[in-house]
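Worksheet: one structure, shown below.
In UniProt numbering, the protein residues as written are 1 to 114.
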């Protein structure tokens, strides 16, 4: 089964929009945390997104992989940078991380396609 990360992120976005209506305080808090954590600081936004992708891989989170692969493409990350993140993720996460590392590369490639 091939995963379509563009579809996965669209579907999740639709439901998180609904969650914002149903639980606005909690969702506002989450988005404030995400904005603060990912802002440029000692680490730039791209580095933080690379870290987030690695965590998404090791946690086996399809949505995380999709959203962070998309963000990394928009931030100018290269396929080689994604590959190095995958290597570190597999090193830290073992065999299950390898399966999701392959998915992360697929997600990056899907967002790279015109």
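Every residue gets a Cβ at the ideal spot worked out from N, C-alpha and C, and that includes glycine.
* With a cut-off of 8 Å on the beta carbons, I'd call residue 103 and residue 65 a contact; round off their distance for me. => As a first step, residue 103 must be located in the chain shown, where it is residue number 103. As a first step, residue 65 must be located in the chain shown, where it is residue number 65. Indeed, because the Cβ distance is near 6 Å, the residues count as touching under 8 Å.
* Asked: From 67, 2, 79 and 91, pick the residue whose C-alpha is nearest to that of residue 16; which is it?
  -> Your numbering for residue 16 matches position 16 in the chain shown. If we check each option's Cα against that of residue 16, 67 comes out closest.
* Endpoints, the alpha helix (DSSP H) within which residue 64 is located -> Numbered from 1 along the chain shown, position 64 holds the residue referred to as residue 64. 62-74 is the extent of the alpha helix (DSSP H) around residue 64.
* Does the beta-carbon of residue 23 have 16 or more other beta-carbons within 10 angstroms, so that it is buried, or is it exposed? -> Here the question's residue 23 lines up with position 23 in the chain shown. Result: exposed.
* Is residue 46 near residue 77, with beta carbons less than 8 Å apart? -> Within the chain shown, the letter at position 46 stands for residue 46. Within the chain shown, the letter at position 77 stands for residue 77. Against a cut-off of 8 Å, the Cβ pair of residue 77 and residue 46 comes out as a contact.
* Is residue 72 near residue 108, with beta carbons less than 8 Å apart? -> Along the chain shown, read from residue 1 onward, the residue named residue 72 stands at position 72. Along the chain shown, read from residue 1 onward, the residue named residue 108 stands at position 108. A contact, by the Cβ cut-off of 8 Å.
* **C-alpha gap between residue 90 and residue 98, whole angstroms** => Counting from one through the chain shown, the residue named residue 90 turns up at place 90. Counting from one through the chain shown, the residue named residue 98 turns up at place 98. Whole-angstrom Cα-Cα distance: 5 Å.
* In chain order, what residues of the same chain lie with their CB nearer than 8 Å to the CB of residue 9, ignoring the 5 residues before and after it? -> What you label residue 9 is simply residue 9 of the chain shown in a count that begins at 1. Excluding positions up to five away in sequence, the list reads 63, 66, 67 and 70.
* To do: Kindly indicate which three-state DSSP category residue 42 falls into: helix, strand or coil?
  => Here the question's residue 42 lines up with position 42 in the chain shown. If DSSP states are grouped into helix, strand and coil, residue 42 belongs with coil.
* Report buried or exposed for residue 110, applying the criterion of at least 16 other Cβ atoms within 10 angstroms of its Cβ. => Numbered from 1 along the chain shown, position 110 holds the residue referred to as residue 110. Under this definition residue 110 is a buried residue.
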